[in-house]
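Letter 47 of the sequence shown, counting from 1, is numbered 47 in UniProt numbering, and no numbers are missing.
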Amino acid sequence: RLQGAGLKQSGTVSLGDKLVSVPNVVEYLGANLASVHSSEEDQFLQLLVKIVGFPPTWIGGFYSVKDRRWLWSDGSDFDHQNWAKGRPGDVGAGETCIHINFGGQKRWNNALCGRSLPSVCSLRLLPLRQTIH
1 RLQGAGLKQS GTVSLGDKLV SVPNVVEYLG ANLASVHSSE EDQFLQLLVK
51 IVGFPPTWIG GFYSVKDRRW LWSDGSDFDH QNWAKGRPGD VGAGETCIHI
101 NFGGQKRWNN ALCGRSLPSV CSLRLLPLRQ TIH
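See below:
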């Protein structure tokens, strides 16, 4: 579970026959909370969490108060959205992180980052596409 706006996760990692404690398993593995760039990716995440009954689940979107826009924690473009009706809600109230599976249509909602929810993480195997100007 992710705790707090710092998106930290504590736990252990198996190294051979040893379990090693690390302060942030996601960071240790070089992973991020999942970013979503298409309806197909959105549906894929739904299939992943369907196994455990569609709980509200963190993904890597967050609102940058400084930039006044939504961003992905992995640095990729925020080029797809699937907000529930009437969302995003009040970011001024600190609801600056995104979870999936909100409402009857299981869409996105913004919520307080400190909520304890399951999360979906991803590990990028290929570099981000870069635009050459």
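The beta-carbon is built from N, C-alpha and C at its ideal position, and this holds for glycine as well.
task = Please report the residue range of the beta strand (DSSP E) in which S64 lies.
result = In the sequence shown, counting from the first residue as 1, residue 64 sits at position 64. T57 to S64 is the extent of the beta strand (DSSP E) around S64.
Neighbour-count burial assignment, D42, 16 or more Cβ in a 10 Å radius = Numbered from 1 along the sequence shown, position 42 holds the residue referred to as residue 42. With 16 or more Cβ atoms within 10 Å of its Cβ, D42 is classed as buried.
ask   = Span of the beta strand (DSSP E) holding F102?
value = Translated into positions along the sequence shown, residue 102 becomes position 102. From DSSP, the beta strand (DSSP E) with F102 extends over C97 to F102.
query = Taking 8 Å as the CB-CB limit, is G60 close to chain B?
reply = Within the model displayed, chain B is absent; a lone protein chain is all it includes.
request  = Tell me whether H99 is buried or exposed, calling it buried when 16 or more other Cβ atoms sit within 10 Å of its Cβ.
outcome  = Within the sequence shown, numbered from 1, the residue matching residue 99 stands at position 99. Burial of H99 is indicated by the presence of at least 16 other C-beta atoms within 10 angstroms of its C-beta.
query = So does the stretch 31-46 actually touch the stretch 114-128, counting three or more Cβ pairs closer than 8 Å?
reply = yes
query = Closest to E27 by CA distance: which of D74, G114 and W83 is it?
reply = Looking up residue 27 in the sequence shown gives position 27. Among D74, G114 and W83, the Cα nearest to that of E27 belongs to D74.
ask   = Any idea if V52 is buried or exposed, counting beta-carbon neighbours within 10 angstroms, 16 or more meaning buried?
value = On the sequence shown, position 52 is the one that residue 52 refers to. By the neighbour-count criterion, in which a residue is buried when 16 or more other Cβ atoms sit within 10 angstroms of its Cβ, V52 is exposed.
ask   = So is L33 buried or exposed if we call it buried at 16+ other beta carbons inside 10 Å?
value = On the sequence shown, residue 33 is found 33 positions in, with the first residue counted as 1. Buried.
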